[in-house]
Amino acid sequence: MQSLFNVPLEELQQRRSAKWTSYPEDVLPLPVAEMDVHLAAPIARELHRAIAESDTGYAGDIGRLTEAFGGFARERWGWETSGAAFKACADVATGGTELMRLLAHGQQVVVTPPVYPPFYKWIAAAGAECVDVPLAQDRGAYRLDIDGIGHAFEAGAKVLLLCHPHNPTGHVAPHADLLRIADLAAEHGALVISDEIHAPLTARGTEFTPYLSVSENAAATGLALHSPSKAWNLAGLKCSLIVAADPAVIPSGLPHELPWGVGHLGLRAAEAAYREGAPWLDDLLDAVEANARLLEGLSSDLLPGLRFRRPDAGYVAWLDLRKWELPAPPAAFFLQAARVAVSDGADFGPGGAGHVRLNFACSSEVLTEAVTRMAAALGGGGATQPALKPA
Ligand SMILES: Cc1ncc(COP(=O)(O)O)c(C=O)c1O
């Protein structure tokens with residue numbers, strides 16, 4: 001079967017999304033988390049149907065979406081959401097920020113760097129103060145520092161903004177860790193906002209546990225943020241969900257505009273994704289795994305010494321380049337010397353400097369070309385001339 005990432009570069013270069021308009025054409029753009037795929041057929045059908053119906057008004061009732069989400073959550077993760085409360089919003093960024101504005105204004109919010117850089121912006125926008133509890137590492141594998149999170153709660157932090165699965169490391173926190181976090185949150189009167197946007201992208205063989213499903217303490221202390229935007233590549237359509245197992249955990253005072261920010265086409269697409277998008281998602285997971293293997297092979301052939309671990313979830317690679325003494329931060333170096341755009345690790349907070357995040361949701365040709373150019377720039381094996389010439 002052909003990889004879902006097999007989309008010709010010339011076609012991708014016609015796209016007007018952020019990924020394809022942020023760099024000159026000779027740059028391979030591998031930072032922003034968009035995927036080089038064609039839409040899943042059921043989603044494309046639903047969007048065509050909406051256009052044919054000229055159904056382009058405001059987003060309305062979300063009952064069909066939450067029912068579809070519930071079916072997906074039950075089937076995929078064994079999570080029963082029938083008693084849960086939902087709020088729709090444009091995107092996870094808006095949901096997370098607005099929740100923290102109400103729950104943590106003037107208080108401390110814990111994050112676990114290196115972590116998705118906008119978390120820092122959301123916390124600042126919410127008028128809260130950020131407390132870093134860096135991930136711990138065991139023989140190269142990342143994990144949450146549960147004791148550190150406990151100490152931060154003890155010292156007064158009110159919210160943990162959990163990235164679960166974790167971006168950029170791809171770590172999926174095990175059930176036992178989530179259980180302990182929930183107990184600590186309950187003990188200290190803190191709340192956990194679990195950003196689960198990457199959850200559908202959990203690799204086969206890894207178990208994803210929704211935070212809210214972990215225990216009564218988790219249900220009583222948690223809010224989850226979900227969206228089909230990463231797993232089905234729908235970020236531009238603007239539809240995400242705030243979920244609470246206990247409706248009382250949702251703070252009152254969420255802005256009136258929140259549901260009006262939802263894109264109606266996004267709402268229809270999100271329902272189609274959760275209701276009918278699982279077979280496509282399974283094919284996507286195969287494509288992600290194939291590329292992760294390819295990246296493993298390429299890095300060991302061309303860049304011995306580069307540290308890359310396959311993510312437990314998601315399609316970003318967190319690459320440790322600290323072995324090389326580069327004349328500039330690594331992302332700036334690769335942009336200049338290899339014409340490959342990646343995200344710079346320093347933006348991900350403590351522990352990020354010297355790393356880059358590379359989005360490998362692209363064709364094997366683009367991935368091979370990107371790593372070959374990066375290796376050449378670093379003085380490793382591989383081509384010195386770009387072999388694949390973008391138009
Ligand atoms: C952990 C995480 N949260 C949120 C987002 C952004 O989601 P949205 O576009 O729904 O705001 C991303 C995007 O990559 C992400 O990785």
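If you read the sequence shown in the UniProt record's numbering, its first letter stands for residue 1, the second for the next number, and so on. Each residue gets a CB set at the ideal place from its N, CA and C atoms; glycine is no exception.
- In the same chain as Gly148, and ignoring 5 residues on each side of it, the C-beta atoms closer than 7 Å to its own belong to Val133, in chain order.
- Taken from the Cβ of Ile197, at least one heavy atom of ligand 1 lies inside 6 Å.
- Taking every protein chain shown into account, the CB of Tyr58 has fewer than 16 other CB atoms within 10 angstroms, so this residue is exposed.
- The residue from Ala126, Val115 and Thr94 with its alpha-carbon nearest to that of Gly106 is Ala126.
- The Cβ atoms of Ala190 and Lys158 lie closer than 7 Å to each other.
- Within its own chain, the residues whose Cβ lies closer than 7 Å to the Cβ of Ala33, once the five positions on either side in sequence are excluded, are Lys230, Val316 and Asn359, listed in chain order.
- Between the segment 197-213 and the segment 60-77 there are three or more inter-stretch CB-CB distances shorter than 8 Å, so the stretches are counted as touching.
- Ser54 is classed as exposed because its beta carbon has fewer than 16 other beta carbons within 10 Å across all chains shown.
- Runs of the alpha helix (DSSP H) spanning 4 or more residues and lying entirely within the segment 156-227 occur at 175-188 and 216-221, in chain order.
- Annotation for Tyr274: no beta strand (DSSP E) segment contains it, though the alpha helix (DSSP H) segment containing it runs His264 to Glu276.
- When Cβ pairs closer than 8 Å are counted between the two stretches, the segment 290-298 is seen not to touch the segment 257-275, the count staying below three.
- Taking 6 Å as the cut-off, the C-beta of Val214 does not count as close to any heavy atom of ligand 1.
- Shortest Cα-Cα distance from Leu258 to any of Lys87, Ser17, Asp61 and Asp26 involves Lys87.
- Collapsing the DSSP output to three states places Glu129 in a strand.
- Within its own chain, the residues whose Cβ lies closer than 7 Å to the Cβ of Gly140, once the five positions on either side in sequence are excluded, are Arg307 and Arg309, listed in chain order.
- Less than 7 Å divides the Cβ of Leu179 from the Cβ of Ser215.
- As the crow flies, the alpha-carbon of Ala199 is around 16 Å from that of Thr66.
- Distance check between Cys239 and each of Met100, Glu11, Pro29 and Gly60 places Gly60 closest, using alpha-carbon atoms only.
- For Arg339, same chain residues with a beta-carbon under 6 Å away, outside a window of 5 residues either side, are Asp26 and Val27 in chain order.
- The C-alpha of Pro251 is placed about 44 Å away from the C-alpha of Phe334.
- For Lys19, there is no enclosing beta strand (DSSP E); the residue is part of the alpha helix (DSSP H) that begins and ends at Ala18 to Thr21.
- According to the DSSP assignment, Leu319 belongs to the beta strand (DSSP E) that extends over Val316 to Asp320.
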